[in-house]
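Novice: Each residue of the sequence shown is one higher than the one before, counting from 1 in full-length UniProt numbering.
Just so you know, even glycine gets a beta-carbon here, dropped at the ideal spot from N, CA and C.
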Amino acid sequence: MRNKIFAIVLMCCAVGFLYSGYGLVTAWNTYTSAALCYETIQDQKKLEDLVSIEAKTGDVQPEDNLTHTMKQINADYIGWITIGDTKIDYPIVHSNPKKNYLDHDFYGNRSVYGTLFIRHGQKLFENRNTVIYGHNMKDGGMFATLKRYLEKSWFDEHPDVQIRYDGQAVNCKVFSVQIISENNDYPYADRFNDVEYSTFLNEMVQLSRIVPGELPDPEYPIITLSTCYGQKRLIVMAQSKEERENGIKTITDR
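In structure tokens form, the structure reads like this:
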């Protein structure tokens with residue numbers, strides 16, 4: 001009788017083990033497939049960059065090959081974000097009522113990675129505060145590395161966020177990292193008058209978990225990178241003070 005019970009228990013354990021193993025394999029395949037999608041896009045970006053470099057050696061200035069190629073793949077494409085020493089090297093899209101970028105990749109296929117996006121109606125560096133949303137993936141993909149900014153050494157050594165858009169490469173300096181509640185929408189605000197915006201920037205610096213080496217300037221817009229952090233949200237704010245071809249100070253929501 002005992003042997004029979006032992007055999008039944010052993011069989012149940014084996015079934016449970018196989019089921020758990022199947023779940024792990026399925027999850028691994030899901031994450032691997034999502035990561036491979038963006039590796040393909042990143043390879044395409046590298047190729048377009050090489051083409052641009054070669055074209056610049058000639059007499060004719062090249063068009064923005066990256067923007068042209070990415071818009072052929074996805075018309076919602078607006079830019080590209082890169083942070084050194086991280087996996088953050090992805091395209092950014094405008095949210096689209098017809099597409100849910102929380103669970104669809106850059107090609108429009110369902111994906112746990114989703115796609116980095118900004119709200120419909122916002123424009124990079126034209127609003128006071130452009131918010132870029134992305135998932136905090138368990139495999140370190142998308143915006144998972146943002147939590148490293150909670151470490152002072154990382155914050156100090158990796159202050160640069162590069163945004164490419166409209167044929168320009170813009171370098172932004174991180175000035176605030178915060179963990180906020182899901183109900184706190186204030187850091188996502190994007191419409192202020194001059195006085196309100198100056199106050200907002202000062203508050204964001206004061207609330208930062210790490211003291212920034214460079215303070216933001218109310219004459220320039222900012223970007224906010226947002227991701228989930230358990231039951232809360234993690235945000236990283238950065239600002240570029242570089243003048244750009246289309247005029248960085250042309251802010252639409254004053």
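1) Alpha carbon to alpha carbon, how far is residue 240 from residue 231?
2) Could you give the distance in angstroms between the alpha-carbon of residue 120 and the alpha-carbon of residue 126?
3) What does the Cβ neighbour count give for residue 36, buried or exposed, with the cut at 16 atoms within 10 Å?
4) Any idea if residue 122 is buried or exposed, counting beta-carbon neighbours within 10 angstroms, 16 or more meaning buried?
5) Contact defined as beta carbons within less than 8 Å: I believe residue 176 pairs with residue 212. What is the distance between those atoms, to the nearest angstrom?
6) Roughly how far, in whole angstroms, is the beta-carbon of residue 81 from the beta-carbon of residue 210, given that I think they are within contact range, below 8 Å?
7) Less than 8 Å separating the beta-carbons of residue 87 and residue 141?
8) How should residue 255 be labelled, buried or exposed, when 16 other C-beta atoms within 10 angstroms of its C-beta is the threshold for buried?
9) Kindly list the residues whose CB is nearer than 8 Å to the CB of residue 228, restricted to its own chain and excluding five residues on each side of it in sequence; keep chain order.
10) Suppose the cutoff is 8 Å on Cβ atoms and the five residues either side in sequence are ignored; what does the same chain contact list for residue 103 look like?
11) If you follow the beta strand (DSSP E) that residue 180 is part of, which residue opens it and which one closes it?
12) For the alpha helix (DSSP H) containing residue 201, list its first residue and its last residue.
13) Leaving out five residues on either side along the sequence, give the residues of the same chain with a beta carbon under 6 Å from the beta carbon of residue 188.
14) Provide the residue(s) that pair with residue 35 in DSSP beta bridges, ordered along the chain.
15) Give me the Cα-Cα distance between residue 40 and residue 156, rounded to the nearest whole angstrom.
Specialist: Reading from the atomic positions:
1) 30 Å
2) 13 Å
3) exposed
4) buried
5) 7 Å
6) Residue 81 to residue 210, Cβ: 20 Å. No contact.
7) yes
8) No answer is possible for residue 255: the residues shown for the chain start at 1 and end at 254.
9) 135, 136 and 234
10) 110, 111, 112 and 114
11) 168–181
12) 194–207
13) 131
14) According to DSSP, which records beta bridges pairwise, residue 35 is partnered with nothing at all.
15) 31 Å
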